[in-house]
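Report on the structure given below.
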Amino acid sequence: MFGNTLYAEKIQRALEQSNFPSTPANLYDPVRYMLALSGKRIRPLLVLLGADLFNIENIADAIPASLAIEYFHNFSLVHDDIMDNAPLRRGKGAVHKKWNENIAILSGDALLVKAYEQLALVKVEYVPELLRIFNKLAIEVCEGQQYDMDFEAIDSVTQQQYIEMIRLKTSVLLGGALEMGATVANATLVDRAHIYNFGVNLGIAFQLQDDILDVYGDPSTFGKQIAGDIIANKKTILHILLKSKLENDDVQEFEVLLTNRDMASDEKITRMKNLYQSYHVLQEASGLKEKYTHSAYESLQKVNVSEPQKKELYSLADNLMRRTQ
21 MFGNTLYAEK
31 IQRALEQSNF
41 PSTPANLYDP
51 VRYMLALSGK
61 RIRPLLVLLG
71 ADLFNIENIA
81 DAIPASLAIE
91 YFHNFSLVHD
101 DIMDNAPLRR
111 GKGAVHKKWN
121 ENIAILSGDA
131 LLVKAYEQLA
141 LVKVEYVPEL
151 LRIFNKLAIE
161 VCEGQQYDMD
171 FEAIDSVTQQ
181 QYIEMIRLKT
191 SVLLGGALEM
201 GATVANATLV
211 DRAHIYNFGV
221 NLGIAFQLQD
231 DILDVYGDPS
241 TFGKQIAGDI
251 IANKKTILHI
261 LLKSKLENDD
271 VQEFEVLLTN
281 RDMASDEKIT
291 RMKNLYQSYH
301 VLQEASGLKE
311 KYTHSAYESL
321 QKVNVSEPQK
331 KELYSLADNL
341 MRRTQ
């Protein structure tokens, strides 16, 4: 877990008390398994921090919305792992590998339904607005995933297209989580917009940082294979920035690295990193990350509460941008 320890413990306790039926076991065991895998719990934490920012009287009133976000996030991960044929999730067997694809699809669906059950437990006056926010972010996450899959089948992706894809796939969930917390704390529409924009821009910076860490992270702390994106020819921000800058013989070198399946992984990584260095790709990607981090802070500054009340969110954002895994 990540950030505010007290709130993280509340989320963990609520998850442990989730009353899923024991049968059918092949439906609910994967649900329990997925929720038990250790993650940062950033998204449900953001719901509580969004509510706390606007002085909610009882933080327990925001717990159902927090669980709804966590259930939805895990639903999307279960299905994403199927689409990506990913063998692992958080270092353990992915649901579709530990059970099978049909079970994974159905247990993911169950998580989505359980998310709506949680939303129904929020104070009735907030339910319609929470449903609007939740449905909007949910369909946008689906759109982002589709764009990500579409990008695999096309030759070139622009920086603008990539940023829009990660905004939808990753960032709107962070912004929506904060806005849902602010909503149950009865924040104004203006403040809700500012806190949403903070989350979205932070989410974009978070994904750009992830792209950078994949290549330049510390292997002892990153938690997955370093430069896996290079090996897989994934169109990350580093890949996209490099392709837009290539000149002369480097165009051919880039194509060889993408298409030569006999090349050893270590050689491919070294040669691609040499291209990144030649065209100052790391510096440009880092600058782009800083741009969105700055935009996030600007949005948070506009929220009409005292600066000390924002300390938790500034701290969380700083930790996310300094992370090594």
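If you number the sequence shown the way our numbering does, the last residue is 345 and the count never jumps. Backbone N, C-alpha and C fix where the C-beta goes; we use that ideal spot for every residue, glycine too. Keep in mind that this is a model prediction, so the values were computed, not measured.
- Every alpha helix (DSSP H) stretch that sits fully inside the stretch 225–300 and reaches 4 residues is listed by chain position as 239–242, 248–251, 257–265, 269–279 and 285–298.
- Take Asn46, set aside five residues on each side of it, and the residues of its chain with a beta-carbon closer than 6 Å to its own are Ile123, in chain order.
- Just measuring C-alpha positions, the residue of Val51, Met185, Met200 and Ala247 sitting nearest Gly223 is Met185.
- The stretch 214–229 makes no contact with the stretch 293–302; the number of CB pairs closer than 8 Å stays below 3.
- Residues of the same chain with a CB within less than 6 Å of the CB of Gly164, apart from the 5 flanking positions on each side, are Met185, Leu188 and Lys189 in chain order.
- For Ile174, no alpha helix (DSSP H) segment is defined, and its DSSP state is neither H nor E.
- Judged by their CB atoms, Gly201 and Leu308 are not nearer to each other than the 9 Å cut-off.
- Annotation for Phe95: the continuous alpha helix (DSSP H) segment containing it runs Ile83 to Asp104.
- Rounded to the nearest angstrom, the gap between the Cα atoms of Ala158 and Thr256 is 23 Å.
- If you draw a straight line from the Cα of Lys118 to the Cα of Leu97, it comes to about 14 Å.
- CA-CA distance, Asn221 to Ala316, rounds to 5 Å.
- Between Gln329 and Leu73 a beta carbon distance of about 6 Å is seen, short of the 8 Å cut, so the two are scored as contacting.
- Out of Val192, Gln180 and His314, the CA that lies nearest to the CA of Ala337 is found in His314.
- Looking from the CA of Arg152, the closest CA among Gln166, Ser127, Thr203 and Ile125 belongs to Thr203.
- For Arg343, there is no enclosing alpha helix (DSSP H), as DSSP gives it neither H nor E.
- Sorting Arg33, Ile102, Ala207 and Lys311 by C-alpha distance to the C-alpha of Ile83 places Arg33 at the top.
- Just measuring C-alpha positions, the residue of Ala130, Arg281, Ser306 and Glu332 sitting nearest His93 is Ala130.
- Here Gly113 is bridged, per DSSP, to Leu108.
- Counting along the chain, Ile62 sits inside the alpha helix (DSSP H) bounded by residues Ile62 to Leu73.
- In the DSSP assignment, Pro44 falls outside any alpha helix (DSSP H), carrying neither H nor E.
- Gln181: member of the alpha helix (DSSP H) spanning Gln179 to Ile186, first to last residue.
- The three-state reading of DSSP puts Ala135 in helix, counting H, G and I together.
- Boundaries for Lys143: no alpha helix (DSSP H) harbours it, and the DSSP string shows neither H nor E there.
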